Amino acid sequence: MQKGKFITVDGVEGAGKSTQINFICEYLKDKGINVILTREPGGTEIGEKIRTMLLSNSTGKMHADTELMLMFAARNEHIQNKIIPVLAQGDWVLSDRFTDASYAYQGGGRGLDIERIAQLENWVLQDFTPDMTLLLDVSVHIGMQRVESRGTKDRIEQEDFDFFNRVRQAYIARAKQYPQRIKLIDAVQSVDDTSRQIQAILNDL
Ligand SMILES: Nc1ncnc2c1ncn2[C@@H]1O[C@H](COP(=O)(O)OP(=O)(O)O)[C@@H](O)[C@H]1O
Ligand SMILES: [Mg+2]
Numbered sequence: 001m002q003k004g005k006f007i008t009v010d011g012v013e014g015a016g017k018s019t020q021i022n023f024i025c026e027y028l029k030d031k032g033i034n035v036i037l038t039r040e041p042g043g044t045e046i047g048e049k050i051r052t053m054l055l056s057n058s059t060g061k062m063h064a065d066t067e068l069m070l071m072f073a074a075r076n077e078h079i080q081n082k083i084i085p086v087l088a089q090g091d092w093v094l095s096d097r098f099t100d101a102s103y104a105y106q107g108g109g110r111g112l113d114i115e116r117i118a119q120l121e122n123w124v125l126q127d128f129t130p131d132m133t134l135l136l137d138v139s140v141h142i143g144m145q146r147v148e149s150r151g152t153k154d155r156i157e158q159e160d161f162d163f164f165n166r167v168r169q170a171y172i173a174r175a176k177q178y179p180q181r182i183k184l185i186d187a188v189q190s191v192d193d194t195s196r197q198i199q200a201i202l203n204d205l
């Protein structure tokens with residue numbers, strides 16, 4: 001029996017996910033909610049090993065289907081051995097990225113057939129889905145400017161502007177397809193104004 005709530009935060013690089021996740025975490029804790037913070041790909045010991053394989057530049061070129069399946073392999077571990085047990089004990093889970101990212105990056109970015117992604121989603125998630133997804137939206141240009149100071153880019157971050165534009169458009173398409181679950185946040189605004197939008201949505205939840 002699921003008791004806690006599962007919230008995911010998604011969006012392109014530099015949208016402000018890490019920044020806002022910290023805010024959400026503090027806000028929920030203030031309300032007396034026990035929340036654990038996790039991320040994808042990763043979140044478990046095996047998942048983090050798969051993350052290294054996926055994101056390390058030393059991995060080099062990888063077939064897009066392999067990338068997709070590794071994402072879902074890590075996600076399976078994450079759901080079965082972390083997310084579901086934590087929710088079952090009544091705590092909340094906040095994840096930096098989740099399945100929508102597979103549709104955005106491997107679907108939009110890499111151009112994989114959405115139907116094939118949906119097959120994996122059905123297999124791994126069945127009817128499990130986040131209670132709420134906060135999609136932080138900024139233009140790729142702004143996102144890239146914000147992360148410039150981060151220095152070295154991982155294997156997926158090496159992709160070009162057009163790739164990330166397709167990622168962003170795929171995210172927006174997901175939000176239009178699932179308006180109940182996915183809340184589109186204008187993340188171009190200041191950190192505080194973006195937090196205020198999120199706070200209003202969390203209060204509804
Ligand atoms: N609303 C915002 N306006 C301006 N800068 C921001 C905003 N949100 C985050 N930043 C800054 O942009 C950079 C990327 O933010 P971050 O939260 O790490 O994004 P993400 O986790 O989505 O890649 C950080 O340096 C952060 O301080
Ligand atoms: Mg981040």
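In our numbering, the protein residues as written are 1 to 205. Beta carbons are placed, not taken as given, at the ideal position from N, Cα and C, and that holds for glycine. Everything numeric in this text was worked out from a predicted model, so none of it was measured.
### Task
Tell whether a beta-carbon distance below 8 angstroms holds between D137 and G11.
Position 137 of the sequence shown, counted from the start, is the residue given in the question as residue 137. Position 11 of the sequence shown, counted from the start, is the residue given in the question as residue 11. Closer than 8 angstroms, so yes.
### Task
Quick one: residues in its chain with C-beta nearer than 8 angstroms to the C-beta of L28, no 5 flanking neighbours on either side, listed in chain order?
Locating residue 28 in the sequence shown gives position 28, where the first residue counts as 1. Taken in chain order, the residues that qualify are V35, W92, L94 and L202.
### Message
Pull the bridge partners of I185 from the DSSP assignment, please.
### Response
By one-based count along the sequence shown, residue 185 stands at place 185. Per DSSP, L136.
### Y105 vs V147 beta-carbon contact at 8 angstroms
Start at 1 with the first residue of the sequence shown, and residue 105 comes out as number 105. Start at 1 with the first residue of the sequence shown, and residue 147 comes out as number 147. Their beta carbons are not under 8 angstroms apart, which means Y105 does not touch V147 by this criterion.
### Message
For V138, would you say it is in contact with chain C, using Cβ-to-Cβ distances shorter than 8 angstroms as the test?
### Response
Reference to chain C is not applicable here, since this structure consists of a single protein chain.
### Query
For S216, which three-state DSSP category applies?
Not covered by the structure: residue 216. The range shown for the chain is 1 to 205.
### Task
Return the residue from the list D96, R75, E157 and G47 that minimises the CA-CA distance to N57.
Here residue 57 refers to the residue found at position 57 when the sequence shown is read from its first residue. Proximity to N57 across D96, R75, E157 and G47 peaks at E157, based on C-alpha coordinates.
### Extent of the continuous beta strand (DSSP E) run through D96
As a first step, residue 96 is located in the sequence shown; it is residue number 96 there, counting from the start. Residues W92 to D96.
### Message
Let me make sure I understand the geometry here. Which of Q199, D100 and F6 has the alpha-carbon closest to that of P85?
### Response
Here residue 85 refers to the residue found at position 85 of the sequence shown. Nearest Cα to P85 within the set Q199, D100 and F6: F6.
### Message
Within 8 angstroms, do at least three Cβ pairs link the segment 175 to 182 to the segment 192 to 200?
### Response
no
### Message
Please identify the residue among A101, R155, R174 and Q189 whose C-alpha is closest to the C-alpha of T52.
### Response
One-based indexing of the sequence shown puts residue 52 at position 52. With distances taken between Cα atoms, T52 lies closest to R155.
### Task
Inspect the beta-carbon positions of E121 and T152 and report whether they are closer than 8 angstroms.
Reading the sequence shown from its first residue, position 121 is the one you call residue 121. Reading the sequence shown from its first residue, position 152 is the one you call residue 152. Result no, Cβ atoms of E121 and T152 do not sit closer than 8 angstroms.
### Task
Kindly list the residues whose CB is nearer than 7 angstroms to the CB of T19, restricted to its own chain and excluding five residues on each side of it in sequence; keep chain order.
Counting from one through the sequence shown, the residue named residue 19 turns up at place 19. So the list reads V191, once near-sequence residues are dropped.
### Task
Give the range of the beta strand (DSSP E) segment to which L37 is assigned.
Along the sequence shown, read from residue 1 onward, the residue named residue 37 stands at position 37. Annotation for L37: the continuous beta strand (DSSP E) segment containing it runs V35 to R39.
### Message
Check whether the segment 40 to 50 and the segment 67 to 85 touch, using three or more Cβ-Cβ pairs below 8 angstroms as the test.
### Response
The answer is yes - the segment 67 to 85 touches the segment 40 to 50, with three or more Cβ pairs under 8 angstroms.
### Task
Within the segment 148 to 199, note down every full beta strand (DSSP E) run reaching 3 residues or more, in order along the chain.
Unbroken beta strand (DSSP E) stretches of 3 residues or longer found wholly inside the segment 148 to 199: 182 to 186, given in chain order.
### Query
Can we count S18 as close to ligand 2, meaning its CB is less than 7 angstroms from some heavy atom?
Position 18 of the sequence shown, counting from 1, holds the residue named residue 18. S18: yes, Cβ under 7 angstroms from ligand 2.
### Message
On the DSSP letters alone, give me the boundaries of the alpha helix (DSSP H) that T19 sits inside.
### Response
Position 19 of the sequence shown, counted from the first residue, corresponds to residue 19. Looking at the DSSP string, the run of the alpha helix (DSSP H) that includes T19 is K17 to D30.
### Query
For G143, which residues from the same chain have a beta carbon less than 6 angstroms from its beta carbon, with the 5 sequence-adjacent residues on both sides left out?
Position 143 of the sequence shown, counting from 1, holds the residue named residue 143. Closer than 6 angstroms at Cβ, skipping near neighbours: V12, E13, G14 and A15.
### Task
Could you check what DSSP says for T129 in three-state terms: helix, strand or coil?
Along the sequence shown, one-based indexing puts residue 129 at 129. Reduced to three states, the DSSP call for T129 is coil.
### Task
Would you tell me roughly how many angstroms separate the C-alpha atoms of F164 and A187, rounded to the nearest one?
Counted from its first residue, the sequence shown places residue 164 at position 164. Counted from its first residue, the sequence shown places residue 187 at position 187. Cα to Cα, the separation comes out at about 16 angstroms.
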